[in-house]
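Residue numbers (the numbering used here), protein chains in the order written: chain A, 1 to 328; chain B, 1 to 328; chain C, 1 to 502; chain D, 1 to 348. Glycine is no exception: its CB is placed at the ideal position from the N, C-alpha and C atoms. Bear in mind that the values here come from a model prediction, so they are computed numbers and not experimental data. Written below as C-alpha cells is the structure these notes are about.
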Amino acid sequence: MDKKKLSFKDIMINYGVIIIVVLLVIYTGITSKNFLSVNNLTNILMNMSSRLVIALGIAGCIITAGCDLSAGRMIGLGGCIAGTLLQKMDYSQKFFPNMKPMNIFLALLIVMLVCALFGAVTGFFIAYLNVPPFISTMAMMEIVYGINMIYTNATPLGGYVSSYTGIASGRFLGISYLIWIALLVAVITWFIFNMTRHGKYMYAIGGNPQAAEVAGVPVKKTLIIIYAKAAAMYGLAGFMLGAKAGGASVQLGYGYEMEAIAACTIGGVSVSGGRGKVSSAIIGVAVFEILKAALQFLGVNSNAQWIALGIIIFVAISLDIRKYVARK
Amino acid sequence: MDKKKLSFKDIMINYGVIIIVVLLVIYTGITSKNFLSVNNLTNILMNMSSRLVIALGIAGCIITAGCDLSAGRMIGLGGCIAGTLLQKMDYSQKFFPNMKPMNIFLALLIVMLVCALFGAVTGFFIAYLNVPPFISTMAMMEIVYGINMIYTNATPLGGYVSSYTGIASGRFLGISYLIWIALLVAVITWFIFNMTRHGKYMYAIGGNPQAAEVAGVPVKKTLIIIYAKAAAMYGLAGFMLGAKAGGASVQLGYGYEMEAIAACTIGGVSVSGGRGKVSSAIIGVAVFEILKAALQFLGVNSNAQWIALGIIIFVAISLDIRKYVARK
Amino acid sequence: MAEFKLEMKGICKSFPGVKALDNVQLSLRPGTVHALMGENGAGKSTLMKCLFGIYKMDAGEIYLDGQKVSINNPDEAMKYGIAMVHQELQPIPARSVAENLYEGRFPLKSFGPIKVVDHKKMYEDTAYWLKEVKMDFDPKAMLGDLSIGQMQSVEIAKAVSHQAKVVIFDEPTSSLSDNEVEALFRIMNDLRDKGVAMVYISHKMDEIKRIADDITIMRDGTYVGTWSADELSTDDIIAKMVGRTLTNVYPERKNTPGEVIMEVKHMTSISDKSFQDVSFNLRKGEILGFGGLVGAQRTEVLEGVFGIRALKSGEVYVKGKKVTIKHPADAMKAGIGLITEDRRGNGIFGCLSIKDNVGVSTYNKYLKAGIVLDHKKIGEIVDSSIKKLRIKTPNMKEHIANLSGGNQQKVIIARWLANDPDILIMDEPTRGIDVGAKHEIYEIMNDLAAQGKSIIMVSSEMAELLGMSDRVYVMCDGKMRGEIKDKKDMTQAKVMSYATQF
Amino acid sequence: DEETEAATEVTTEAATEAATEAATEAAAEENAEPVANPDLADKKVGVCIYQFSDNFMTLFRTELEDYLVKLGFSKENITIQDGQNDQATQSNQIDAFIADGVDVLIINPVNTSSAETITDKVVDAGIPLVYINREPGEDEEARWDENGWDVTYVGCDARQSGTFQGEIISDLGLDAIDKNGNGKIDYVMIEGDPENVDAKYRTEFSIKALEDAGLEVECLDDQVGNWDQATAQQLVANSLSQYGDDVEVVFCNNDAMALGALQSIEAAGRTVGEDIYLVGVDALTEALDNVASGKMTGTVFNDHFSQSHAAAIAAANYLTGTENEHYIGCDYVKVTADNVADIQEKLK
Ligand SMILES: Nc1ncnc2c1ncn2[C@@H]1O[C@H](COP(=O)(O)OP(=O)(O)OP(=O)(O)O)[C@@H](O)[C@H]1O
Ligand SMILES: Nc1ncnc2c1ncn2[C@@H]1O[C@H](COP(=O)(O)OP(=O)(O)OP(=O)(O)O)[C@@H](O)[C@H]1O
Ligand SMILES: OC[C@H]1O[C@@H](O)[C@H](O)[C@@H](O)[C@H]1O
Ligand SMILES: [Mg+2]
Ligand SMILES: [Mg+2]
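As C-alpha cells, this is what we get:
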C-alpha cells in the first residue's frame with residue numbers, strides 16, 4: 001500500500017460525511033436552480049437554528065454517556081406554554097381569554113424554568129436513584145406529554161402576538177433573530193463546555209464515572225444541572241419553533257430527540273461518553289437540514305426520504321466511528 | 001439496625017414493583033367488579049402475548065448492551081406483509097387482487113424472514129462497522145418505515161381470511177392460540193438463553209465485548225444472529241397483532257419498542273448489558289399490561305394514564321436498580 | 001503531636017457473602033512508609049477504600065492526628081489531606097493529562113462575574129508536578145495516548161500534587177518499568193523527608209525490603225500484626241501472610257522441551273509504529289520467556305499471533321502446518337490460548353458468575369447433541385478448578401467482579417485450563433498476584449509443561465523471567481533483539497543489553 | 001356556543017339530502033373527464049400533507065395528484081411533502097417550497113392554529129394558496145376575504161360527520177338500543193388523535209346528536225385510540241370485559257378503529273345489530289363491506305373525490321386568472337345498510 005492511497009482513505013474516514021454532503025449540495029445546486037439562492041440558504045440556517053439548540057442540549061447528556069428521550073416532549077411543552085402566554089387579546093380561541101399577553105422575555109423565562117424543573121427531576125433519578133438515563137428520560141417523556149395534554153387539553157394554539165412571531169420574522173443585521181439566538185446558545189455552550197469547571201466535570205463523568213467520583217467531582221450535582229440545563233434548552237427550542245410556525249400543539253417536537261441524537265453522533269459526539277464538541281452538533285445538524293432540503297428540492301418521494309435519511313445515518317456513522325477504533 | 005427491619009427493606013427493594021402491582025390489582029378488583037373475572041384475566045393475557053414476544057426479542061439486544069429502536073417499525077412491516085398476503089379473494093380492496101390467500105404458515109415464514117433480513121443488516125452495521133446499536137437501529141427504523149410506506153402506499157389492510165383472524169379467536173384447551181404462541185416463544189427463548197452456546201455468548205458479549213472477543217466468542221456473528229432473531233420476533237408480533245386487530249397499517253406497532261425496553265428494564269434486564277432473564281421480560285410486560293387495564297378500569301383520564309405510566313417506570317426502576325448497587 | 005499521623009481501629013466491612021474486614025487496625029507514623037501486606041483478597045484494598053471514603057465501613061474508627069474523623073466520600077478524604085493512587089487505574093482517557101491531574105479541583109480565575117478554569121495555571125502546574133515525578137510529557141497530551149506505565153505515573157503525580165499528609169499507594173508499580181519504579185522511590189523518599197505518612201501495597205518483596213519502614217500484615221480480612229521492617233525477613237513476611245512457609249518460589253522443572261511445535265515467521269503489524277519482522281519458535285513442553293521493557297510490543301506481537309491485531313504480513317506454523325489466524329476462534333482451533341495482561345479490560349466478564357467466566361471458551365467442547373450445553377460437566381470442571389487453583393470464593397455462582405484481583409486472575413487461568421490448549425500464551429501472568437498464588441501459578445505452569453503443553457510467558461519481572469523460562473527471547477521497540485538459548489546465559493545483564501537495543 | 005348552534009343547523013336532514021346530492025354530483029363530474037389545460041403544464045405545485053401514513057389523507061392525495069394531472073399539470077412539477085404530523089417540519093417544507101418558487105400551494109395544515117403565519121408567508125411570496133381538509137378558523141378566513149387574497153379552504157365540516165354518526169344511532173330508536181333497559185344509551189367512545197379537530201368534533205357531536213334527538217346517554221368509557229386499529233381493539237376488549245352486556249353502542253372516530261373494535265366485539269361473543277351497535281367514519285372499503293353485511297351499524301363517507309377535485313380545480317383557477325370563493329364546502333355522506341351499495345359502487 002502506498003502512502004497516497006492511505007491518506008485518501010484517511011481523508012474519507014475523517015471527512016467522509018462532509019464530503020458526501022458537499023457533493024449533494026453541488027449536485028442539487030446544479031439541477032435545481034434556487035437551491036443555492038441566498039433565500040434558500042437563509043431558510044436552511046433558520047431550520048437549523050432550533051435544531052441546533054436541541055442538539056446542543058442533548059449533546060451535554062450524551063457526553064456524560066447518557067441520552068435524553070424526553071427532549072421532544074419538552075419541546076412540545078415549551079412551545080405550548082409559550083403559546084398559551086403569548087396570544088393576542090382579540091384571538092377568538094384564546095386559551096386564557098382575559099389574560100393580557102405576557103412580555104415575551106418573561107414568557108421565555110417561565111418556559112425555560114418549567115422545563116428545567118422537569119429536567120432536574122430526571123437528573124435526580126439518574127444521579128441519586130441510579131435509573132439509567134435511557135429509562136429515566138423515557139419515563140419523563142411520558143409524564144411531560146401527559147402534563148401537556150392535560151394543560152392544553154390537546155388544543156392547538158395560535159393567534160400569537162406579533163412580538164412573538166416577530167422573533168422568527170424579524171432580522172438584525174439582515175439575519176433572523178432565530179439564527180442569532182442559536183448562535184448565542186452555541187457560544188454560551190462552547191464557553192460552558194470548554195472554559196468552566198462544570199464543563200470539564202461533564203467530560204470526566206462521561207469519560208469514567210468512577211474516576212470522576214474518586215477525584216472528588218460532584219457527580220450527582222453535575223448530572224442534575226446537565227439534565228436541567230438541557231431541558232431549559234429544549235424549552236427555548238420549543239419557544240423558537242412556536243414563533244416560527246406561528247402555532248404549537250402537544251405534538252410539537254415529537255421525535256426530535258432521535259434526530260438530535262443522530263445529528264450529534266454524526267458530528268462526532270460519542271454515545272459511549274466523554275467525547276464531543278459544539279462543532280460536532282453544528283456539523284450534524286447541518287448535515288440533516290441540508291439533506292432534508294436537498295431531497296425536497298430534488299423531488300425525492302417523501303417515503304423514499306425516510307430511507308435516504310436512514311442510509312445517510314448508517315453511512316455517516318460507519319465512516320466516522322472508525323476514527324476512534326484502535327489501530328488493530 | 002435490627003434484622004427484621006432490614007429484611008422488610010430488602011423485600012421492598014427486591015419485589016417492590018411486584019408488590020405495588022399486586023396492591024393495584026387488589027384495589028382495582030375491589031372497586032371495579034369485573035377486573036378479576038376470568039374473562040378479563042384472559043383478556044390481559046391476550047394483550048400480553050404479542051408484547052411478550054416483542055420484549056423477548058428486544059431483551060436479547062439489551063443483554064448485549066444494545067437496544068433496538070427499530071422494533072416498532074418492524075412490527076408494522078410484519079403486520080403489513082402478513083396483511084397483504086392473507087386477504088380474502090372476494091375483498092374488493094385486495095392488495096394483490098388476483099393472488100390467492102397464502103397458507104398462513106408460509107406467510108408467517110415470509111414475514112419472519114423478511115424482518116430477519118433487515119435485522120441482520122442492522123446487526124451487520126453494529127458488528128462490523130461499529131455503529132452504536134442506538135444509532136444503527138434508529139437508522140433501520142427510518143428505513144423500514146420508508147419501505148413499508150412504499151410497499152403499502154399507506155393503504156390500510158383488512159379483509160383477512162378467517163384462518164388468519166382465527167389465530168386470535170381460536171382456542172386450544174380453552175386458551176387462545178395467541179397465548180400459546182407467546183408461551184412457546186418464551187420457552188424457546190428460555191432454552192436459547194440458558195441452554196445453548198449462543199445464549200451464553202450473548203451474555204458474555206454484554207458483560208465485556210473485548211473479553212468475549214479474546215475468549216474466542218464469535219462476537220460479530222453472534223450479534224448479527226441476535227438482531228436478526230429479534231427482528232424475526234417483531235415480525236411474528238406484527239403478525240399476531242394483525243390477526244388480533246383484524247387489520248394493519250403502517251402505523252402498527254409504532255412506539256412499542258419504548259414500552260418493551262421499559263418493560264424489560266422493570267423486570268430486571270440491565271441496559272448496561274450482561275444481565276436479564278426470560279422471567280424479567282414476563283414480569284415487565286405483565287406490569288405494563290396489568291397497569292394499563294387497571295387504569296382503564298379505574299376510569300383514570302387518558303392523559304393522566306401517561307403520567308401514571310411514567311411514574312411507575314421511575315418508581316419501579318428506582319426500587320429495582322438498588323439490588324445491584326454495592327452498598328457503600 | 002500524636003505519635004501516629006493516622007490510626008484506623010476495629011474496622012469491619014462485609015460484602016454480601018464475604019466478611020472482607022474483621023476488626024482490622026492500622027497505625028501510620030508520620031514520615032514513614034508503611035507496607036500493607038497480605039495475600040490476594042486479604043482485604044488491603046478494601047481497607048484503603050474505607051479510609052478514602054469509597055466504601056462505608058460497617059464498624060470502626062479513624063483518627064487523624066489523634067482526632068476522630070468520619071470520612072464519607074473521596075472529596076472529604078482529600079480535604080483531610082489524604083491522597084490515593086488506586087490499584088485499578090482511574091484514568092479519563094479522552095481528556096488531557098492536565099485535566100486528569102486537576103479533576104475535581106481545577107484552578108479557577110474570574111471572568112467578569114463568572115469563574116472559569118485557569119487553563120494557563122493548570123498546564124504550568126501540571127508541567128511542574130510531572131517534572132517532580134521525573135516525567136516530561138506534554139500536559140495537553142491525551143491521557144489515552146499514553147502507555148499504561150505512563151498513566152500510572154500520572155496517577156502518582158496526581159497524588160503527590162495534592163501535597164497530602166497521608167498518601168496511599170495501592171500496587172502502584174504493577175505496570176511500571178524499572179526506571180519508573182526508581183523514580184517513584186525517589187519521590188517517596190522525598191515525601192518521607194517531608195514528614196508524609198505513606199501506605200504502600202505491593203506483592204513485590206524486593207520493593208518492600210527497600211522502601212518500607214513498618215509492615216502490617218493481614219490475612220483473610222483479619223489483622224495479623226505490625227512490625228518494624230528490619231524485624232522481618234522476606235520468608236517471615238511470606239509465612240505470616242500465607243500462614244505456612246514457602247521454600248522455593250520457583251519450583252523445579254520436571255521435563256525438558258521437545259521438538260518445535262510452533263513457528264512464527266516474519267510477522268509485521270499493519271501499523272508502521274508497531275512490531276516489524278518478528279520471528280520465533282516454540283518447543284513442545286517448553287516455557288518460553290518473552291523479555292523486554294514495558295512498551296517493547298511483546299503484547300502486540302502475541303495478540304497478533306492470537307488474531308486480535310491485524311497483520312500486514314507473517315506466517316504461523318503449528319506442528320509444521322501453516323495456519324491462518326484471523327480471529328481468536330481460529331487460534332483456539334489451532335490449539336492456542338491467551339491470558340491477556342489487561343484483566344479488567346479484556347479478561348473478565350464482571351457481571352457474570354465464575355462459572356460463566358470459566359466456561360466461555362469451552363462451550364464448543366461441552367455440547368449435547370451439538371446444541372444443548374452440558375451444564376453438569378461444565379459445573380464439575382469449574383468446581384475442580386476452584387479447588388485446584390484455590391480460588392477464594394463462596395461458590396461458583398459468585399460474580400467475578402466481587403473477587404480480589406488475584407483471584408480474578410486465577411479464574412482466567414482456570415478458563416484456559418478448561419479449554420486445554422497445546423500452547424498457552426500468558427501475558428504478565430502474575431501481575432498483581434501474591435507470593436503464595438504466584439507459587440501456585442508457577443507450579444501449574446510446570447505441570448502443564450510436564451504434560452507436554454507449551455507456554456509462552458511475557459514478563460516484565462526479571463526474576464520471574466529468569467526463574468521460569470527454558471529459553472528467552474528479548475524484544476525492544478517492536479523488534480526481536482535476541483534469543484538466550486542456554487539457561488546458564490540467562491542473566492539480568494544479558495537480557496537488559498538486548499532490551500535496550502533501540 | 002353560537003358556533004355549535006350554527007353547526008347543528010348545517011346538519012339537519014336537509015343537509016343530509018344535500019350531501020347525497022353532492023355525492024351524486026361528484027360522481028357525475030367523475031364521469032365527465034376534465035379537459036387538460038396546456039398552460040398549466042409548466043406550473044409548479046407544492047402539496048403539503050399533514051402526515052403520509054394517514055389512511056384517509058393517502059386516498060385524498062393520490063386522487064389529488066391524479067386529478068391535477070388530468071387538469072393539465074405535469075406530474076414531475078407536482079411535489080408532495082409529508083409533514084410528519086409536525087407543524088414545524090411542515091413550516092420548513094413550506095419555506096422550501098417558497099424558496100423553490102412554486103406557483104401554487106395546496107396545504108393540509110398540521111395545526112390549523114398556525115394558519116395565520118402560513119398564510120402571511122405564502123401571500124407575501126405572491127403564491128396562491130388552497131387549504132384542504134383541516135379548516136383554519138373563522139377569523140382567518142375573514143382576513144382572506146377582507147384583503148382579497150388568493151387563499152381558500154376546501155373541505156368538510158367535521159362536526160357534520162359526528163352528527164351523522166349520532167343520527168345513525170338515534171334513528172334506530174331507544175327501544176332497539178337500550179338492551180339493558182335502563183332507559184339510557186350506554187356507550188363507549190374511542191377517540192382519534194385528541195389534538196385533531198376531527199376527533200374532537202366527532203366525539204362531541206355524535207353524542208350531541210343523540211341528546212338532540214331526546215335520548216339520555218351514559219358514557220361508560222372514553223379512551224384515546226389515536227386512529228389506530230390495534231390500539232382500539234385492545235381498548236374495546238378491555239371495555240367489554242369491564243362493562244359486559246351494558247355496552248350498547250361503540251362510537252369510533254374513524255373506521256380503522258371501528259374495525260379493531262369489531263374484532264373485540266366478535267371475540268366477546270356479541271353481535272352487531274342484535275345486542276350492540278358500532279359506527280365509524282371514513283367509509284373504508286372494509287367498513288362498507290361490514291355495513292353491507294350488518295357487522296357495522298353504519299359509517300360516514302368522507303368524500304375524498306369531491307374534496308380533492310374541488311381543491312385541484314381551485315388551484316388551477318388561481319393560475320388561470322379565475323377567482324375562487326374563500327370557502328368551498330363539501331359534505332359528508334351518512335352510510336347505513338340502506339345506501340351502502342351506492343357508496344360501494346361509487347368507490348369501485
Ligand atoms: N465490591 C465488592 N463486592 C463484594 N465483595 C468484594 C468487593 N470488593 C472486594 N470484595 C471481597 O473482599 C475481599 C477483599 O478484597 P480486596 O480487594 O480488598 O483484596 P486485596 O487484599 O486488595 O487483594 P489484591 O492483592 O488481590 O488486590 C475479597 O474476598 C473480595 O472478594
Ligand atoms: N503504535 C503505538 N502508538 C502508541 N502507543 C503504543 C503503540 N504501540 C504500543 N503502544 C503502547 O505501548 C504500550 C506497551 O505496548 P505493548 O503492550 O505491546 O508492550 P509490552 O512489551 O507487551 O508491554 P507489557 O510488558 O506491558 O505487556 C501499550 O500500552 C500501548 O498503549
Ligand atoms: O386527520 C386524520 C384523520 O382525518 C379524518 O378526516 C379521518 O376521518 C381519520 O380517519 C383520520 O385520517
Ligand atoms: Mg487490592
Ligand atoms: Mg341502557
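Put simply, the residues with a CB less than 5 Å from any heavy atom of ligand 1 are B:Ala326, C:Phe15, C:Val18, C:Ala20, C:Asn40, C:Gly41, C:Ala42, C:Gly43, C:Lys44, C:Ser45, C:Thr46, C:Asn402, C:Leu403, C:Ser404, C:Gly405 and C:Gly406, in chain order. Taking C-beta atoms under 8 Å as the contact rule, Tyr227 of chain A and Thr152 of chain A fail to qualify, at a distance of about 24 Å.
The Cβ of Leu252 of chain A sits no closer than 9 Å to any Cβ of chain B. Boundaries for Thr216 of chain C: no alpha helix (DSSP H) harbours it, while the beta strand (DSSP E) harbouring it runs Asp214 to Arg219, taken from the DSSP string. Taking the CA atoms as reference points, Tyr256 of chain B sits about 16 Å from Ile282 of chain B. In this chain, Lys68 of chain C is not harboured by any alpha helix (DSSP H); it is covered by the beta strand (DSSP E) spanning Gln67 to Val69. DSSP places Gly10 of chain C inside the beta strand (DSSP E), whose first and last residues are Leu6 to Phe15.
Checking the DSSP bridge columns, you'll see Gly298 of chain D partnered with D:Val279 and D:Thr336. Taking a C-beta cut-off of 7 Å against chain D, the contacting residues of the stretch 283–310 of chain B are Ala293, Gln296, Phe297 and Ser302, listed in chain order. Between Ile54 of chain C and Val214 of chain A, the CB-CB gap stays under 9 Å.
Around the beta carbon of Asp145 of chain C, fewer than 16 other beta carbons lie within 10 angstroms, which makes this residue exposed.
When DSSP states are grouped into helix, strand and coil, Asn196 of chain D belongs to the coil group.
Rounded to the nearest whole angstrom, the C-alpha separation of Pro109 of chain D and Gln210 of chain B is 51 Å. The Cβ neighbour count for Ile62 of chain C, taken over all protein chains shown within 10 Å, is at least 16; the residue is labelled buried.
Residues of chain A with a Cβ closer than 8 Å to the Cβ of Asn85 of chain D are, in chain order, Gln251 and Tyr254. Judged by pairs of C-beta atoms under 8 Å, the stretch 164–184 of chain A does not touch the stretch 41–59 of chain C, as fewer than three such pairs exist. Within the same chain, Cβ atoms closer than 8 Å to the Cβ of Lys220 of chain A are found at Ala127 and Tyr128, the five residues on either side in sequence being excluded. Scanning its chain for C-beta atoms nearer than 7 Å, with the 5 sequence neighbours on each side dropped, one finds around Ile224 of chain B the residues Ala120, Gly123, Phe124 and Ala127, in chain order. The residue from C:Ser202, C:Phe275 and C:Phe15 with its alpha-carbon nearest to that of Lys479 of chain C is C:Phe275. The DSSP assignment places complete alpha helix (DSSP H) segments of no fewer than 4 residues inside the stretch 125–188 of chain C at 148–161, in order along the chain. Residue burial is scored here from C-beta neighbours: Asp193 of chain C has fewer than 16 other C-beta atoms within 10 angstroms and is therefore classed as exposed. When Cβ-Cβ separations below 9 Å define contact, Gly57 of chain A makes no contact with chain C. Listed in chain order, the positions of the stretch 140–158 of chain A with a beta carbon within less than 9 Å of a beta carbon of chain D are Met149, Thr152, Asn153, Ala154, Thr155, Pro156, Leu157 and Gly158.
Looking at the DSSP output, Asp22 of chain C shares a beta bridge with C:Thr222.
Here Ile118 of chain D carries a helix assignment [DSSP, helix/strand/coil]. The alpha-carbon of Ile317 of chain A is positioned some 30 Å away from that of Phe97 of chain D. What Gln93 of chain A touches in chain D, judged by beta-carbon distance under 9 Å, is Ser113, Gly137 and Asp139, going in chain order. Against chain D, the CB of Phe35 of chain B has a partner CB under 9 Å away; the residue lies at that interface. Looking at D:Tyr201, D:Glu286, D:Ala258 and D:Asn55, the one whose alpha-carbon comes closest to that of Ala154 of chain B is D:Asn55. For Leu338 of chain C, the enclosing beta strand (DSSP E) starts and ends at Ile336 to Ile339.
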